[in-house]
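Undergrad: The letter at position 123 of the sequence shown is residue 160 when you use the numbering used here, and the numbering goes up by one with no holes. Using N, Cα and C, we set each Cβ at its ideal position, and we do this for glycine too. Every value quoted in this text rests on a predicted model; they were computed, and no experiment measured them. Here's a structure for you.
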Amino acid sequence: LTEGERAIYEAVRSSALDSLSKDKEEQQSGNHLKVLAAITKLRLASCHPRLVMEDSTLTSSKLERFGQLLEELLENNHKALVFSQFVKYLSIIREYLDERGIKYQYLDGSTPVTKRRERVEAFQDGEGELFLISLKAGGSGLNLTAADYVIHMDPWWNPAVENQASDRAHRIGQTRPVTIYRLVAENTIEQKIVKLHQHKRDLADSLLEGSHMSGSMNAAQMLEMMR
Numbered sequence: 038l039t040e041g042e043r044a045i046y047e048a049v050r051s052s053a054l055d056s057l058s059k060d061k062e063e064q065q066s067g068n069h070l071k072v073l074a075a076i077t078k079l080r081l082a083s084c085h086p087r088l089v090m091e092d093s094t095l096t097s098s099k100l101e102r103f104g105q106l107l108e109e110l111l112e113n114n115h116k117a118l119v120f121s122q123f124v125k126y127l128s129i130i131r132e133y134l135d136e137r138g139i140k141y142q143y144l145d146g147s148t149p150v151t152k153r154r155e156r157v158e159a160f161q162d163g164e165g166e167l168f169l170i171s172l173k174a175g176g177s178g179l180n181l182t183a184a185d186y187v188i189h190m191d192p193w194w195n196p197a198v199e200n201q202a203s204d205r206a207h208r209i210g211q212t213r214p215v216t217i218y219r220l221v222a223e224n225t226i227e228q229k230i231v232k233l234h235q236h237k238r239d240l241a242d243s244l245l246e247g248s249h250m251s252g253s254m255n256a257a258q259m260l261e262m263m264r
């Protein structure tokens, strides 16, 4: 992160820790909701300043890195699937692409089934260099072999969900190797989530439906990830 982005991230983190420290009784009761909300806000701050401060004029280091990667891919006639958990983040990415005249397809959980099918067929027929997809909407039922690259803009708690999304490009009919990129902000909550992927793969089997946080992690353990 840039110095400005880091300042915003640390402000969000400090504010959350101060707030949560005043409610130790709720932490001991096992209620994850406040801690989970704070962690989600930190994840947003890792992606783009505007996701936690709407009027921010700061640029996003991650979005800039995405742009560099995108330039390389397009120069070499590659197509990519771009995933994020956050629809608001995908909206910012859409603005970025629109400003540069880069064509893309898009779907999230609110996309009607008929439109979903139309956009998949359009992408497979060559309409658009990218397909932007919210992670939950991209888990199943999509065959997107026109893409040979997959870019995850933010890490998800459950690596199996990420892998399932990536498999949209690994379907029958794919004739090229598929390369997967994961953009992770250094020294943020994102890096700690990736470490969970690497060292505690068993957590994926005990995720709570809806919260997507492991039921084996109590509020104190979750809070420790923010420190």
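Buried or exposed: residue 48, going by 16 or more other Cβ atoms within 10 Å of its Cβ?
TA: Classification for residue 48: exposed.
Undergrad: Residue 216 lies in the beta strand (DSSP E); which residues open and close that run?
TA: Note, residue 216: beta strand (DSSP E), 216 to 219.
Undergrad: Taking residue 81 as part of the alpha helix (DSSP H), name the residues at either end of that continuous run.
TA: Its alpha helix (DSSP H) spans residues 70 to 84.
Undergrad: Distance, Cα to Cα, residue 85 vs residue 133?
TA: Going by the C-alpha atoms only, they are around 12 Å apart.
Undergrad: Take residue 144 and list the residues in its own chain whose beta-carbon comes closer than 7 Å to its own, dropping the five residues that flank it on each side.
TA: The residues are 153, 156, 170, 174.
Undergrad: Going by beta-carbon coordinates alone, are residue 79 and residue 259 separated by less than 9 Å?
TA: Their beta carbons are not under 9 Å apart, which means residue 79 does not touch residue 259 by this criterion.
Undergrad: Which stretch, first to last residue, makes up the alpha helix (DSSP H) that contains residue 52?
TA: Note, residue 52: alpha helix (DSSP H), 40 to 58.
Undergrad: Would the beta-carbon of residue 123 fall within 9 Å of that of residue 202?
TA: For residue 123 and residue 202, no; Cβs fall outside 9 Å.
Undergrad: Start and end of the beta strand (DSSP E) containing residue 144?
TA: Unbroken beta strand (DSSP E) run through residue 144: 141 to 144.
Undergrad: If you count every other CB in all the chains shown that lies within 10 Å of the CB of residue 67, and 16 or more means buried, which is it?
TA: With a pLDDT of 46 at residue 67, under the threshold of 50, the predicted position of this residue should be treated as unreliable, though the coordinate-derived value follows. Per the 10 Å Cβ criterion, exposed.
Undergrad: Roughly how many whole angstroms lie between the Cα atoms of residue 52 and residue 257?
TA: Distance between the alpha carbons of residue 52 and residue 257 is about 17 Å.
Undergrad: Residues bridged to residue 27 by DSSP?
TA: Outside the modelled stretch of the chain, which goes from 38 to 264, sits residue 27, for which no answer is possible.
Undergrad: Quick one: grab the DSSP three-state call for residue 89.
TA: Reduced to three states, the DSSP call for residue 89 is coil.
Undergrad: Residue 181 and residue 205 look like a contact to me (Cβ under 8 Å); what is the Cβ gap, rounded to whole Å?
TA: Rounded, the Cβ-Cβ distance is 5 Å, consistent with contact.
Undergrad: When the distance is taken between beta carbons, is residue 140 closer than 9 Å to residue 183?
TA: Against a cut-off of 9 Å, the Cβ pair of residue 140 and residue 183 comes out as no contact.
Undergrad: By DSSP, does residue 243 sit in helix, in strand, or in coil?
TA: Confidence in residue 243 is poor, its pLDDT being 49 and thus under 50, which makes the residue's placement unreliable; the coordinate value appears in the next sentence. Residue 243: helix per DSSP, three-state reduction.
Undergrad: Just to confirm my understanding: we take residue 165, look at its own chain, exclude 5 residues before and 5 after, and list those with CB closer than 6 Å. What are they?
TA: 140, 141, 142, listed in sequence order.
Undergrad: Rank 185, 150, 172 by C-alpha distance to the C-alpha of residue 163 and give the top, closest one.
TA: It is 185.
Undergrad: Less than 8 Å between C-beta atoms, sequence neighbours within five positions excluded: which residues of the same chain meet that for residue 264?
TA: Only 54 meet the Cβ criterion.
Undergrad: With a Cβ-Cβ cutoff of 9 Å, do residue 190 and residue 76 count as a contact?
TA: Not a contact, by the Cβ cut-off of 9 Å.
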